[in-house]
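Peer 1:
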Amino acid sequence: MKKISRREAIKRTSLILGAVAAAPAVSAVLSGCQAPPAEGWQPEALSPEQVRLVEEITERILPATDTPGAKDAGVVRFVDSMLAGYFEEKDKTTLLEGLAAVENDARQAHGKSFVELSPEEMDAILARHDQAAFEARQNPERNPREEPFFYLMKSVTLLGFFTSEVGATEVLNYDPVPGNYDGCIPLESVGGKTWAT
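Note that the working numbering gives residue 713 to position 19 of the sequence shown, counting from 1, and the numbers run on in steps of one.
1) Taking buried to mean at least 16 other C-beta atoms within 10 Å of its own C-beta, is A800 buried or exposed?
2) I'd like the list of long-range same chain contacts for E753, defined as Cβ closer than 7 Å, with 5 residues on each side in sequence excluded.
3) Since A826 contacts F844 with CB under 8 Å, what's their CB separation in whole angstroms?
4) Tell me the residue span of the alpha helix (DSSP H) that contains Y845.
5) Below 8 Å, how does it come out for the stretch 773-790 and the stretch 737-748: are there three or more Cβ pairs, yes or no?
6) Roughly how many angstroms lie between the CA atoms of S708 and R700, to the nearest whole one?
7) Does the beta-carbon of K848 have 16 or more other beta-carbons within 10 angstroms, so that it is buried, or is it exposed?
8) Can you tell me whether T857 is buried or exposed, with buried defined as 16 or more other CB within 10 angstroms of its CB?
9) For the putative contact between T851 and V769, defined by C-beta atoms under 8 Å, what is the C-beta separation to the nearest angstrom?
10) In this structure, how does DSSP classify N867 when only helix, strand and coil are distinguished?
11) If distances are taken between C-alpha atoms only, which option among N867, H823, A795 comes closest to L881?
12) Can you give the Cα-Cα distance for I751 and I710, rounded to whole angstroms?
13) Give the straight-line distance between the Cα atoms of N874 and N833, rounded to the nearest whole angstrom.
Next up, the structure:
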């Protein structure tokens, strides 16, 4: 057996400890490089019927025009993710009960599911929910921590859209490595859009 010097032993020990210490970080970086599964997405909190309902509602809130809409950005996945792991129980209940109310309104008014309605019929139902949310928020006695359904739905739709890749890169200006900060500039000087970053 060959003897090694003290210096060599310290070098080898340092290499081993460095590799052991770096392994979790390397593993985390590599696991973060995986693309999310596009085709095989399974909702965690929404039923298939609710997924279609949320897709239609979010698309009516933020429709595709000359820019992408909520469906293009996959906002339904964001809503499902928020319901599954981030919303407080009261907000989750508000959103799910609101979805049920929209579906119930469609069936009572038109005898069919919300997703089967014409765009005009959808808009009429959502306008009633929007008005109810507006009136509820005007009540001075309401609990400010409890948001009405349609206000919550619009908020999560906009948040999901503008934090998506589509919203951040195709609708907002996106600079992945921002340079200097100029606080007071005309919006037209940067393409007429606000910034995503």
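Where a beta carbon is used, it is the ideal one built from N, C-alpha and C, also for glycine.
Peer 2: Well, looking at it:
1) buried
2) G763, A764, K765
3) 7 Å
4) 843-856
5) yes
6) 12 Å
7) buried
8) exposed
9) 6 Å
10) strand
11) N867
12) 55 Å
13) 44 Å
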